[in-house]
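Residue numbers (the numbering used here): 50 to 228. Idealized CB from N, CA, C, for every residue including glycine. Here the structure is laid out as structure tokens; the discussion comes afterwards.
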Amino acid sequence: MNNDIERVLYSTEEINATEDRLAKQINADYADKKPLVVSVLTGAAPFSVDMFKKMTCYAQLDFIDVSSYYGGTESTGTIKLIHDLKADLEGQDVLIMEDIVDTGRTLRYLVDLLGERGANSVKVCTLLDKPEGRKVEIEADYVGFVVPNEFLVGYGLDYQGYYRNLPYVGILKPSVYSK
Ligand code: PRP
Ligand code: MN
Ligand code: MG
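Structure below.
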């Protein structure tokens, strides 16, 4: 699996340090709130769980499963809701956790969907932001790394469902997905 990686972009240590920085901001901003952390399956699972454990305020964790890439390298443009949240959002301070914002379509869909459910606030934290990929205008409130326009895997990000368990973020060799 490691042989399929062209270059490591962010090591485990760098990711951890960035999560600490984000958690510091989030802990300050939510000190007097009780946020509902919404982890966007599947990609955001590792990052969300890391972040959740670094939060020092009263917080709840819930999961929503949406997909548009279906394991491929290009967004299909259609977001499918595969599994909804358990929580009622009425009056909640929702903090969406994503692994990456690329075209922005997934996030646009989620912010609109969750915003219609009576939340008090909806904010977004993403490990990775790829501004060059953007097709719809949307920005996260908390960003870990601004990334180049390459197909990335690891730390939750997949190609055909694999590579999510790499403990770093790397660039996948184009030979892997062009064959
Ligand atoms: C990926 C990633 C984000 C989204 C970002 O999910 O995890 O959720 O795409 O891309 P966008 O900004 O272009 O919408 P994917 O659809 O691959 O599902 P997965 O998380 O189950 O892998
Ligand atoms: Mn995803
Ligand atoms: Mg995916």
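Distances taken from the Cβ of Asp207 to the heavy atoms of the ligand MG include one shorter than 6 Å. By the neighbour-count definition (other C-beta atoms within 10 Å, threshold 16), Met50 is an exposed residue.
The continuous stretches of alpha helix (DSSP H) do not include Ser88, which lies in the beta strand (DSSP E) extending over residues Leu85 to Leu90. Between Val89 and Glu147, the C-beta spacing is below 7 Å. For Val89, the shortest C-beta to heavy atom distance toward the ligand MN is below 6 Å. Pairing Ile145 with Leu162 gives a Cβ-Cβ distance that is not under 7 Å. The three-state secondary structure of Phe101, taken from DSSP, is helix. CA-to-CA, the gap between Gly219 and Lys102 works out to about 24 Å.
As computed with DSSP, Glu147 is found in a beta bridge with Thr175.
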